[in-house]
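Below is one structure; the comments refer to it alone.
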Amino acid sequence: MISRMARPKFYHFLGCIIPHRYPSIERAARLVFEDLGVELLDMVGATCCPAPGVFGSFDRVTWASIAARNLTIAEAGGHPITTGCNGCFASLWDANHELHVDEELRKRVNENLAEIGREFKGTIEVTHYVDVLVNTVGLDEVRRHVVRPLEGVRMALHPGCHWMRPRALKKKDNSERPRIFRELCETSGAEYVPYKDELICCGAGGAVRTADLKVSLDFTKQKFESIEEAGGADIIVTPCPFCELQLDLGQVEIQKNFGVEFTYDVLHVMELLALAFGHEPGEFGLKTHLQYLQRKSEPRWERLGVKA
Amino acid sequence: MTSPETESAVIIDEPDTSFVEMIKRTGGPNVQNCFQCGTCSGSCPAGARTNYLVRLIIRKALLGLKEEVISAPELWYCTTCYTCQDRCPQEVNPTDVIKAIRNIAVAEGYMLDNHRKTAAKVVDAGHAVPLDKDTWRKLRESVGLEPVPPNASGNPWAIEEIRKITRKSGFDSLIGYEEMRRAAEEKARQKAKKG
Ligand code: SF4
Ligand code: SF4
Chain A
1 MISRMARPKF YHFLGCIIPH RYPSIERAAR LVFEDLGVEL LDMVGATCCP APGVFGSFDR
61 VTWASIAARN LTIAEAGGHP ITTGCNGCFA SLWDANHELH VDEELRKRVN ENLAEIGREF
121 KGTIEVTHYV DVLVNTVGLD EVRRHVVRPL EGVRMALHPG CHWMRPRALK KKDNSERPRI
181 FRELCETSGA EYVPYKDELI CCGAGGAVRT ADLKVSLDFT KQKFESIEEA GGADIIVTPC
241 PFCELQLDLG QVEIQKNFGV EFTYDVLHVM ELLALAFGHE PGEFGLKTHL QYLQRKSEPR
301 WERLGVKA
Chain B
1 MTSPETESAV IIDEPDTSFV EMIKRTGGPN VQNCFQCGTC SGSCPAGART NYLVRLIIRK
61 ALLGLKEEVI SAPELWYCTT CYTCQDRCPQ EVNPTDVIKA IRNIAVAEGY MLDNHRKTAA
121 KVVDAGHAVP LDKDTWRKLR ESVGLEPVPP NASGNPWAIE EIRKITRKSG FDSLIGYEEM
181 RRAAEEKARQ KAKKG
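Next up, the structure:
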């Protein structure tokens with residue numbers, strides 16, 4: 001007899017970059033969660049998380065107030081939040097945490113929220129897609145849905161920073177030797193390619209991309225060079241749309257600023273899984289990544305082992 | 001973006017502790033734990049390519065050199081990657097300290113124009129990266145999604161709520177929101193006149 005579990009439900013926090021610049025990630029996430037029987041609930045009227053390194057650097061109380069407003073939308077419905085962005089995850093998770101431990105901050109935030117008839121109560125949990133896939137669904141169940149293993153595809157990873165750091169607070173993975181994101185990506189059947197600078201930041205965070213694009217791209221360039229030193233890869237996979245933007249569109253910008261050409265296909269982990277689950281790239285619009293639109297190019301289908 | 005070379009030595013008779021107290025209140029409560037081992041700067045990808053030195057900034061802060069620290073443009077090269085925070089043996093939480101110092105810098109008027117503009121976008125549209133062109137709505141449709149997502153982009157009441165928060169918290173005046181808005185309106189008027 002099959003025991004039936006209640007369908008897990010999560011409030012789906014979109015943020016800015018996924019719905020407004022990389023909608024293929026949103027579509028892929030909807031396909032993958034649908035396949036896995038995870039229900040995503042709309043967060044009507046949610047705003048920017050707001051960007052932790054940007055707003056958190058400007059004014060901590062305003063940052064926490066806008067983040068808390070987003071949290072109250074999920075609190076009202078009583079389900080946890082999930083998001084596919086390391087930055088949104090950091091903002092919402094950190095704010096949720098800080099508002100639990102810092103009473104003074106909570107008081108000031110709730111004074112701001114009182115203006116709009118809301119109150120932070122601290123009753124829900126904030127997760128990343130990776131957490132849902134690994135902890136709620138489980139890797140065995142994910143593996144069971146892989147009908148098109150990406151065998152022979154050489155995959156470099158960019159786990160990014162804010163899902164697992166700061167390590168002492170997030171308590172998710174060993175940030176010096178992480179394995180969870182790798183294990184998740186390996187369910188796709190692609191082959192993991194290690195490279196020296198895998199754990200270095202993409203360079204976009206902390207308001208640096210806005211402050212000085214060239215410096216931020218210099219981080220990104222170092223990562224590509226490190227992948228080349230390791231013998232290259234067919235794809236780069238990340239759990240974050242801001243990292244994806246920096247690595248994907250960043251290749252066009254690096255070419256403009258440094259005269260070096262890289263042509264890596266950069267996939268969000270949900271796009272990787274959508275392919276492995278048998279969805280065609282056209283079902284979620286893989287070729288709408290900004291790199292392709294700007295270069296008038298397409299994904300390197302032969303390297304991906306799938307057809308357009 | 002670099003600081004000018006320091007022309008002469010800064011004489012410190014007695015460290016001024018008021019800056020440290022400010023940092024402690026603004027999100028960096030452990031700043032005084034720092035024993036200057038340099039693990040943070042040795043781990044820092046920003047320091048590897050710019051003149052941003054997190055250890056030096058913390059030392060200067062501990063000595064009360066507030067103006068020198070908050071006015072330095074390189075303060076904005078930290079990507080908040082938290083590598084230093086994960087490695088600091090003294091639980092200084094250097095990333096949090098840098099964010100606290102940035103908060104103080106902004107409160108005292110040191111903010112880059114580009115950062116002001118990004119901040120204003122959230123007040124204007126509810127999103128730092130807004131759905132501000134038809135291209136983006138069409139892009140969504142082309143991947144099989146509704147043109148406008150269920151976030152603030154299609155819900156003006158949500159943006160109104162953000163405005164109420166930023167007015168109340170003083171963020172509007174901190175970033176000079178009204179001045180920016182008036183300048184943008186004036187520019188649009190001029191353009192309309194010419195056009
Ligand atoms: S790693 Fe920690 S203790 Fe060492 S210099 Fe940096 S902040 Fe100070
Ligand atoms: S968080 Fe900032 S200071 Fe710390 S290692 Fe990363 S870039 Fe450097």
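Chains as they are written, first to last, in the numbering used here: chain A, 1 to 308; chain B, 1 to 195.
Beta carbons are placed, not taken as given, at the ideal position from N, Cα and C, and that holds for glycine.
For residue j and residue i, the rounded distance between their alpha carbons
| i | j | result |
| --- | --- | --- |
| I17 of chain A | E228 of chain A | 28 Å |
| A158 of chain B | E225 of chain A | 43 Å |
| I101 of chain B | I57 of chain B | 9 Å |
| R25 of chain B | M155 of chain A | 44 Å |
| V306 of chain A | M270 of chain A | 16 Å |
| E141 of chain B | G87 of chain A | 25 Å |
| G285 of chain A | S24 of chain A | 5 Å |
| D13 of chain B | C161 of chain A | 41 Å |
| R7 of chain A | V126 of chain A | 18 Å |
| E74 of chain B | L217 of chain A | 16 Å |
| C85 of chain A | C243 of chain A | 9 Å |
| G117 of chain A | M111 of chain B | 31 Å |
| R182 of chain B | A119 of chain B | 16 Å |
| F33 of chain A | V10 of chain B | 59 Å |
| D132 of chain B | R163 of chain B | 18 Å |
| Y177 of chain B | E151 of chain A | 53 Å |
| C88 of chain B | V31 of chain B | 11 Å |
| D173 of chain A | C185 of chain A | 15 Å |
| I2 of chain A | K117 of chain B | In this predicted model, I2 of chain A has a pLDDT of only 48, less than 50, meaning its place in the structure is not dependable enough to derive any value. |
| A188 of chain B | Q291 of chain A | 32 Å |
| C84 of chain B | A192 of chain B | 51 Å |
| R137 of chain B | T17 of chain B | 52 Å |
| H279 of chain A | I180 of chain A | 24 Å |
| V148 of chain B | G154 of chain B | 6 Å |
| Y264 of chain A | A190 of chain A | 15 Å |
| D59 of chain A | F171 of chain B | 7 Å |
Residue closest to residue i, alpha-carbon to alpha-carbon, out of the options
| i | options | result |
| --- | --- | --- |
| F120 of chain A | A:A230, A:T82, A:G152, A:N70 | A:N70 |
| G122 of chain A | A:T72, A:L169, A:S175 | A:T72 |
| Q246 of chain A | A:L133, A:R30, A:V215 | A:V215 |
| A204 of chain A | A:V44, A:E34, A:G53 | A:G53 |
| A233 of chain A | A:R300, A:L31, A:E115, A:G15 | A:R300 |
| H128 of chain A | A:A67, A:C202, A:P239, A:A274 | A:P239 |
| S175 of chain A | A:S65, A:R303, A:L199 | A:L199 |
| Q90 of chain B | B:S153, B:I162, B:G28, B:A48 | B:G28 |
| P149 of chain A | A:S297, A:L31, A:L273, A:P19 | A:L273 |
| P156 of chain B | A:E186, A:W163, A:G45 | A:G45 |
| K287 of chain A | A:I254, A:F258, A:T187, A:D248 | A:D248 |
| T47 of chain A | B:N151, B:R49, B:E185 | B:N151 |
| E39 of chain A | A:F13, A:F55, A:W63, A:R60 | A:F13 |
Proximity test, residue i beta-carbon vs ligand 2 heavy atom, cut-off 7 Å
| i | result |
| --- | --- |
| T80 of chain B | yes |
| S91 of chain A | no |
| A46 of chain B | yes |
| C34 of chain B | no |
| C240 of chain A | no |
| T220 of chain A | no |
| T310 of chain A | Within the shown structure, residues of chain A are numbered from 1 to 308, placing residue 310 of chain A beyond reach of any answer. |
| Q251 of chain A | no |
| S18 of chain B | no |
Residue span of the alpha helix (DSSP H) that contains residue i, given as start and end
| i | result |
| --- | --- |
| I254 of chain A | 241-258 |
| A183 of chain B | 177-194 |
| L293 of chain A | 290-295 |
| L275 of chain A | 269-276 |
| F224 of chain A | 213-229 |
| G282 of chain A | 281-284 |
| T118 of chain B | 113-125 |
Start and end residues, beta strand (DSSP E) containing residue i
| i | result |
| --- | --- |
| I162 of chain B | Careful: I162 of chain B lies outside any beta strand (DSSP E), inside the alpha helix (DSSP H) at 156-169. |
| H128 of chain A | 126-128 |
| L65 of chain B | From DSSP, L65 of chain B is part of no beta strand (DSSP E); its letter is neither H nor E. |
| F238 of chain A | What sits at residue 238 of chain A in the sequence shown is Thr, not Phe. Taken as a continuous stretch (DSSP letters only), the beta strand (DSSP E) holding T238 of chain A covers 235-238. |
Residue i Cβ short of 7 Å to ligand 1 heavy atom set
| i | result |
| --- | --- |
| V92 of chain B | yes |
| F13 of chain A | no |
| R55 of chain B | yes |
| I70 of chain B | no |
| C16 of chain A | no |
| I98 of chain B | no |
| G201 of chain B | Since the first residue of chain B shown is 1 and the last is 195, residue 201 of chain B is not available in this structure. |
| C84 of chain B | yes |
Contained alpha helix (DSSP H) runs [length at least 4] in the region 78-108 of chain A, N- to C-terminal order: 86-101
Segments assigned alpha helix (DSSP H), at least 4 residues, entirely inside the region 3-52 of chain A: 17-20, 23-36
In chain order, each alpha helix (DSSP H) run of at least 4 residues that lies wholly inside the region 131-200 of chain A: 139-144, 167-170, 180-186
Length at least 3, wholly inside the region 13-41 of chain B: the beta strand (DSSP E) runs in chain order: none
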